[in-house]
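Undergrad: Supplied in structure tokens, the structure appears directly below.
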Amino acid sequence: MSSAPASDAAAKAAVLVEALPYIRRFSGTVVVVKYGGNALAGGSEADALELFAQDVVLMRSVGLRPVVVHGGGPQISDLMQRLGKVPEFRNGLRVTDAETVDIARMVLRGQVNPRLVSAINVHGALAVGVSGEDAGLISAAPAAGDLGFVGIVGSVNPTILHRLLNEDLIPVVATIGSDATGQAYNINADTVAGALAVALAAEKLVYLTDIEGLRRDVGDPDSLIRQTTAPELEALVADGTLSGGMIPKIESCVAAVRGGVGRAHILDGRVPHVLLLELFTDAGIGTMVTLGPAAAADAAPESPAAEVWG
28 MSSAPASDAA
38 AKAAVLVEAL
48 PYIRRFSGTV
58 VVVKYGGNAL
68 AGGSEADALE
78 LFAQDVVLMR
88 SVGLRPVVVH
98 GGGPQISDLM
108 QRLGKVPEFR
118 NGLRVTDAET
128 VDIARMVLRG
138 QVNPRLVSAI
148 NVHGALAVGV
158 SGEDAGLISA
168 APAAGDLGFV
178 GIVGSVNPTI
188 LHRLLNEDLI
198 PVVATIGSDA
208 TGQAYNINAD
218 TVAGALAVAL
228 AAEKLVYLTD
238 IEGLRRDVGD
248 PDSLIRQTTA
258 PELEALVADG
268 TLSGGMIPKI
278 ESCVAAVRGG
288 VGRAHILDGR
298 VPHVLLLELF
308 TDAGIGTMVT
318 LGPAAAADAA
328 PESPAAEVWG
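Below is the structure:
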């Protein structure tokens with residue numbers, strides 16, 4: 028018998044042993060993952076969705092309690108254009124009239140959400156699709172500015188999510204909310220993910236993006252910020268070091284850890300199985316945000332190398 032199979036088996040065993048302290052540490056905890064289809068690994072959208080579904084199901088199988096949050100900006104723009112409407116943005120937010128909010132609901136609840144649910148359920152009857160309108164999950168209010176039916180999170184009632192999690196199911200949340208009159212609002216998915224993580228007292232909030240993490244200098248890969256704290260991030264935003272399209276994620280990360288979430292992560296979703304690499308290995312991936320220096324050490328698993336990245 029050749030030594031190659033034995034070598035492969037030993038390597039696989041080593042990975043499992045490395046994962047064990049992390050599985051022990053995070054078993055039973057809530058992890059909120061913001062999904063963005065155009066930021067995920069895979070040769071095609073279907074491949075990317077399958078890799079993501081595998082990660083989420085494995086998390087669930089080893090005792091974590093994942094909650095998936097998604098938007099659908101590209102898909103909404105595509106349907107608008109097919110219907111003869113021209114997407115309009117102000118400061119990165121979509122101007123949303125009554126017709127556009129109906130389009131957003133159709134796309135998020137009728138297209139993106141079912142595809143995610145179906146991909147996960149290939150591996151077992153695990154995922155349930157919900158939106159912020161269901162069971163009063165997200166109470167919305169109008170966002171500032173003349174944006175129409177663009178909303179902000181007024182409050183979160185996580186009862187429906189707790190019920191699903193207690194049944195060992197995986198909630199997949201579309202980011203439409205409604206106000207007291209039943210009017211629907213389209214809400215930024217980054218913001219919703221952070222608000223749900225706080226309401227669920229999540230251990231981790233994870234954003235999958237199309238960059239490897241936050242950089243002090245956008246053009247310099249060597250300036251990647253691997254670990255930071257909420258006050259440090261606020262200072263970097265205030266002095267202009269960090270700006271642009273990552274600001275909503277940064278603000279959500281800061282609000283989440285200040286609201287009691289253990290850690291927030293900005294990861295490169297183009298890396299295959301990046302969720303598993305972050306959660307279950309000693310190698311830190313992307314940018315990790317904690318409330319302060321002490322928070323990084325308090326919850327470290329039983330692994331010397333995990334004192335930074337647990």
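Here the working numbering is used: the first residue of the sequence shown is 28, the next is one more, and so on.
Ideal Cβ placement from N, Cα and C applies to all residues, glycine included.
1. Pull up the DSSP beta-bridge partners for S158, would you.
2. Using three-state DSSP, classify A170 as helix, strand or coil.
3. For A222, does the count of other Cβ atoms within 10 angstroms reach 16, so buried, or fall short, so exposed?
4. Could you check where the beta strand (DSSP E) with S182 kicks off and where it finishes?
5. Inspect the beta-carbon positions of V316 and V284 and report whether they are closer than 7 Å.
6. Any contact between the region 121-128 and the region 140-158? By contact I mean 3 or more CB pairs, one from each, below 8 Å.
7. Below 8 Å, can you find three or more Cβ-Cβ pairs linking the region 195-203 to the region 241-260?
8. Determine, using beta carbons only, whether P114 and S104 come nearer to each other than 7 Å.
9. Beta-carbon separation of D237 and K276 under 7 Å?
10. Can you give me the Cβ contacts of T268 inside the same chain, cut-off strictly under 7 Å, excluding the 5 residues immediately before and after it?
11. What number of angstroms, rounded off, separates the C-alpha of V281 from the C-alpha of E261?
12. In three-state terms, what does DSSP make of T317?
13. May I have the straight-line CA-CA distance separating V84 from L120, to the nearest angstrom?
14. Would you mind sorting N215 into buried or exposed? The rule is 16 or more other CB atoms within 10 Å of its CB.
15. Just the Cα atoms here: how many angstroms apart are G311 and L47?
16. Spatial neighbours of G163 within its chain, please: C-beta separation below 6 Å, excluding the five flanking residues on both sides.
17. At 3 residues or longer, what runs of the beta strand (DSSP E) sit wholly inside the region 75-133?
18. Give the range of the alpha helix (DSSP H) segment to which A222 is assigned.
19. Among A131, D173 and L174, which has the Cα closest to the Cα of S158?
20. Along the chain, where does the alpha helix (DSSP H) that runs through I187 open and close?
21. Report back the beta-carbon spacing between D206 and A167 to the nearest angstrom; my notes put them in contact at under 8 Å.
TA: The structure says:
1. A201.
2. Here A170 sits in coil by DSSP.
3. Classification for A222: buried.
4. Counting along the chain, the beta strand (DSSP E) containing S182 begins and ends at V177 to V183.
5. Cβ distance < 7 Å, so V316 and V284 count as in contact.
6. No: the two stretches stay apart, fewer than three of their Cβ pairs being nearer than 8 Å.
7. Result no; under three Cβ-Cβ pairs closer than 8 Å.
8. In this structure, S104 lies closer than 7 Å to P114 by Cβ.
9. Not a contact, by the Cβ cut-off of 7 Å.
10. Closer than 7 Å at the Cβ level, and outside the excluded window around T268, lie R243.
11. A straight line joining the alpha-carbon of V281 with that of E261 spans about 8 Å.
12. The three-state reading of DSSP puts T317 in strand, counting E and B together.
13. Computed Cα separation, rounded: 32 Å.
14. Classification of N215: buried, given that the 10 Å Cβ count is 16 or more.
15. Going from the Cα of G311 to the Cα of L47 covers about 16 Å.
16. Around G163: N184.
17. Whole beta strand (DSSP E) segments, 3+ residues: 92-97.
18. Residue range A216 to A226 is occupied by the alpha helix (DSSP H) that includes A222.
19. Ranking the options by Cα distance to S158, first place goes to A131.
20. Under the DSSP assignment, I187 falls in the alpha helix (DSSP H) whose first and last residues are T186 to N193.
21. About 5 Å separates the two Cβ atoms, so the contact holds.
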